[in-house]
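Novice:
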Amino acid sequence: MMLLAIPGFDGNQSSLNPVGPGAAHIEFEFSLIFWITTAVYCLVLLLLVISVIRKKNTLDEFPDPLPTNEADERRMRFSVGLAVGVTVVLLFTMLVGSFETSHALGSMNPENALTIDVYGHQWWWEVQYPNNEAYKTVVTANEIHVPAGVPIRIHGTSRDVIHSFWAPNVQGKRDLIPGYETEALMQVDQPGTWRGQCAEYCGEQHAHMSFLMITESKEQFQHWLEKQALSSVAPADAKTAHGQQIFLTHACVLCHTIRGTSAGSRVGPDLTHLASRTTIGAGLLPNTIGNLGGWILNAQALKPGCRMPPNQLSGADLQDLLAYLETLK
Ligand code: HEC
Ligand SMILES: [Cu+2]
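Residue numbers (the working numbering): 643 to 971.
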C-alpha cells in the first residue's frame with residue numbers, strides 16, 4: 643500500500659512489496675494493523691495536546707477527578723463508553739483480519755503444484771527438483787528457479803541445525819528442522835529475482851546464508867530445468883581436461899558432485915552447472931572467475947567458519963581448474 647513510497651520498502655527483499663498471493667495476504671494484515679495502530683496513536687496524542695491546552699489548572703490546585711454534577715457525569719460516561727466501544731471494534735477487526743490471513747495462507751491451492759525440495763545446510767541451501775525418472779532429478783544450490791504464476795510446494799528440511807526459509811516478497815517464514823519434513827505453499831506472480839535469507843540463527847555464517855528465487859516464464863523455466871538435468875560436458879581441450887584432473891585428484895571430490903565425473907559427494911553444493919549460477923557462497927559474491935579463484939584458494943578468508951577448507955594449488959593448476967569450472971554451464 644502507501645508504505646511503498648518509503649525508500650527501501652519496495653525492494654527485492656521486502657515483505658511490503660509482495661509478488662505473490664502468500665506475501666500479499668501478509669502485507670494486507672500488516673497494513674491493517676499498521677494503519678489502525680497509527681490512527682489510534684495520533685488520536686491519543688491529539689486528545690492529550692487538546693487537554694493540555696484547555697486545562698487551566700495550576701500545580702497547587704488539584705481538580706476533583708470525579709464529575710461533580712450530572713451533566714459532567716453523563717459526558718464522562720459517554721466518552722468512556724465510546725472509547726471502550728471503539729477499542730473493542732478495532733481489536734475485533736484486527737482479530738478477524740488475522741484469522742482471515744491465516745485461513746487464506748492455509749488454503750492456498752496445491753493443485754498442479756511444482757514440488758521443490760530445499761535442504762538447509764550450515765550455511766547454504768541445497769535445492770532439488772525431484773523427477774519420477776531419477777536421472778532427471780535436478781540438484782543445485784542457493785538459486786531457486788521457479789515459473790511465474792505456478793503454485794510451488796517447498797518441501798523442506800535441514801541437514802544439520804534449525805534453519806528458516808524466508809523470501810519475504812513471496813511468503814512467510816518456514817522453519818526447517820532436522821529430522822522433520824515441512825511443506826510450504828507459495829506462488830510468485832511477478833518475474834524477477836527475489837532475495838531470501840535464513841531467518842533462524844544457525845551459527846557463525848547465518849548472515850551469509852541467503853538465496854535467490856529467480857522467477858521466469860514457464861518456457862524459460864522449462865528450458866532451464868532441462869539443461870540442469872543434463873550431466874556436465876566433457877572437457878573439450880587440454881587446459882580444461884587438466885583442470886578436471888585437478889578437481890578429481892584434489893580434496894574437492896570429498897565434498898562436491900559434478901555429474902558425469904567420478905565426483906559424487908554431497909557435503910557441499912553440487913557443481914555440475916556451477917557456471918549457470920549468478921552467485922557463489924550462498925549469495926556472498928557474484929560468480930566471477932576472480933571470486934571463484936579467491937574462494938577456492940581460501941574460502942575461509944571470505945566466509946570465515948564455512949565448511950570448505952583452504953586449498954593449495956599452483957597458479958597454473960588454479961587457472962586450469964577455473965577454466966574447467968567455467969565450462970560447467
Ligand atoms: C570439506 C569439504 C569441501 C572440500 C574439500 C571442498 N569444498 Fe567446496 N564447498 C564446500 C562447502 C560446504 C561449500 C559451501 C560453503 C558455503 O556457501 O557456506 C563449498 C562451496 C564451493 C563453491 C561455491 C559453490 C556455490 O554454488 O556457492 C565452489 C565453486 C567450490 N566449493 C569449489 C571447490 C573446489 C574446486 C574444491 C577443491 C579444490 C573444493 N570446493 C573443496 C565444501 C568443500
Ligand atoms: Cu540461519
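Using N, Cα and C, we set each Cβ at its ideal position, and we do this for glycine too.
(1) Work out the CA separation of T680 and S907 for me, nearest whole Å.
(2) Spell out the partners DSSP gives G834 in its beta bridges.
(3) With burial defined as no fewer than 16 other Cβ atoms inside 10 Å of the residue's Cβ, what is the status of M851: buried or exposed?
(4) Quick check on this structure: which residue in V830, L687 and S800 has the alpha carbon closest to the alpha carbon of R816?
(5) Does the beta-carbon of Y973, which I'm using as the reference point, lie nearer than 7 Å to any heavy atom of ligand 2?
(6) If we ignore side chains and look at the alpha-carbon of each, how far apart do E753 and T930 end up?
(7) Does the Cβ of C844 lie closer than 7 Å to at least one heavy atom of ligand 2?
(8) In terms of alpha-carbon separation, which member of I900, A917 and S904 lies closest to G910?
(9) Leaving out the 5 sequence neighbours to the left and right, which residues in its chain are closer than 6 Å to P709 when beta-carbon positions are compared?
(10) Closest to D959 by CA distance: which of L724, K971 and I938 is it?
(11) Only counting the same chain, and skipping five residues up and downstream in sequence, which positions put a Cβ closer than 7 Å to that of G739?
(12) Would you mind working out which of W836, E768, G791 and A790 sits nearest N1030, comparing C-alpha positions?
(13) Please find out if some non-hydrogen atom of ligand 1 comes closer than 7 Å to the beta-carbon of H898.
(14) If the criterion is Cβ atoms closer than 8 Å, does the pair N654 and G814 meet it?
(15) Taking a contact to mean a Cβ-Cβ separation below 8 Å, would you say V792 touches L756 in this structure?
(16) For the beta strand (DSSP E) holding F889, just list the boundary residues, first then last.
(17) My assumption, with CB atoms under 8 Å, is that H892 sits in contact with N933. Please give the rounded CB distance.
(18) Keeping to the same chain, check which residues put their C-beta closer than 8 Å to that of L970; ignore five residues upstream and five downstream.
(19) Is it the case that the CB of C684 approaches a heavy atom of ligand 1 more closely than 7 Å?
(20) Do you know whose CA, among G935, A849 and Q839, lies nearest G885's CA?
(21) Using the three-state DSSP reduction, which class does D959 fall into: helix, strand or coil?
(22) Is DSSP giving D714 helix, strand or coil here?
(23) Tell me whether the beta-carbon of F863 lies closer than 8 Å to the beta-carbon of V788.
(24) Within the same chain, show all residues whose beta-carbon is closer than 6 Å to that of W866, passing over the 5 residues directly before and after it, in chain order.
Specialist: Short version:
(1) Counted from its first residue, the sequence shown places residue 907 at position 265. Counted from its first residue, the sequence shown places residue 680 at position 38. Near 54 Å, if we compare the C-alpha coordinates of T680 and S907.
(2) Start at 1 with the first residue of the sequence shown, and residue 834 comes out as number 192. Looking at the DSSP assignment, G834 forms a beta bridge with T857.
(3) By one-based count along the sequence shown, residue 851 stands at place 209. By the 10 Å Cβ count, M851 comes out buried.
(4) Taking the sequence shown and counting its residues from 1, the one referred to as residue 816 is at position 174. Ranking the options by Cα distance to R816, first place goes to S800.
(5) In the structure displayed, the chain extends from 643 to 971; residue 973 sits before or after that span and is not available.
(6) By 1-based counting over the sequence shown, the position of residue 753 is 111. By 1-based counting over the sequence shown, the position of residue 930 is 288. So the two alpha carbons sit approximately 39 Å from each other.
(7) Counting from one through the sequence shown, the residue named residue 844 turns up at place 202. Correct: C844 has its Cβ closer than 7 Å to ligand 2.
(8) For the purposes of this step, residue 910 is identified with residue 268 of the sequence shown, where counting begins at 1. Nearest of I900, A917 and S904 to G910, Cα basis: I900.
(9) Against the sequence shown, residue 709 aligns to sequence position 67. E715 and M718, listed in sequence order.
(10) For the purposes of this step, residue 959 is identified with residue 317 of the sequence shown, where counting begins at 1. Closest by alpha carbon: I938.
(11) Taking the first residue of the sequence shown as position 1, residue 739 is located at position 97. Counting only Cβ-Cβ distances below 7 Å, and skipping sequence neighbours, we find E671 and L674.
(12) An answer regarding residue 1030 cannot be provided, because it is not within the stretch 643 to 971 covered by the chain.
(13) Along the sequence shown, read from residue 1 onward, the residue named residue 898 stands at position 256. The answer is yes for H898.
(14) Here residue 654 refers to the residue found at position 12 of the sequence shown. Here residue 814 refers to the residue found at position 172 of the sequence shown. No; because the gap between Cβ atoms is not below 8 Å, this pair is not in contact.
(15) Position 150 of the sequence shown, counted from the first residue, corresponds to residue 792. Position 114 of the sequence shown, counted from the first residue, corresponds to residue 756. Yes, the pair counts as a contact, with Cβ atoms nearer than the cut-off.
(16) For this step, residue 889 is matched to residue 247 along the sequence shown. Unbroken run through F889 is the alpha helix (DSSP H), A880 to T891; no beta strand (DSSP E).
(17) As a first step, residue 892 is located in the sequence shown; it is residue number 250 there, counting from the start. As a first step, residue 933 is located in the sequence shown; it is residue number 291 there, counting from the start. In fact, because the Cβ distance is near 19 Å, the residues do not count as touching under 8 Å.
(18) As a working mapping, residue 970 is identified with position 328 in the sequence shown. Correct list, in chain order: S874, V875, I900, L913, T914, H915, L916, A917 and S918.
(19) As a working mapping, residue 684 is identified with position 42 in the sequence shown. Checking the Cβ of C684 against ligand 1 gives no.
(20) Against the sequence shown, residue 885 aligns to sequence position 243. Nearest of G935, A849 and Q839 to G885, Cα basis: G935.
(21) The sequence position of residue 959 within the sequence shown is 317, counting from 1. Three-state DSSP puts D959 in a helix.
(22) For the purposes of this step, residue 714 is taken as residue 72 along the sequence shown, with counting starting at 1. It is helical.
(23) Translated into the one-based positions of the sequence shown, residue 863 becomes position 221. Translated into the one-based positions of the sequence shown, residue 788 becomes position 146. Yes, the pair counts as a contact, with Cβ atoms nearer than the cut-off.
(24) The residue labelled residue 866 in the question sits at position 224 within the sequence shown. Cβ neighbours of W866 beyond the five flanking positions: H787.
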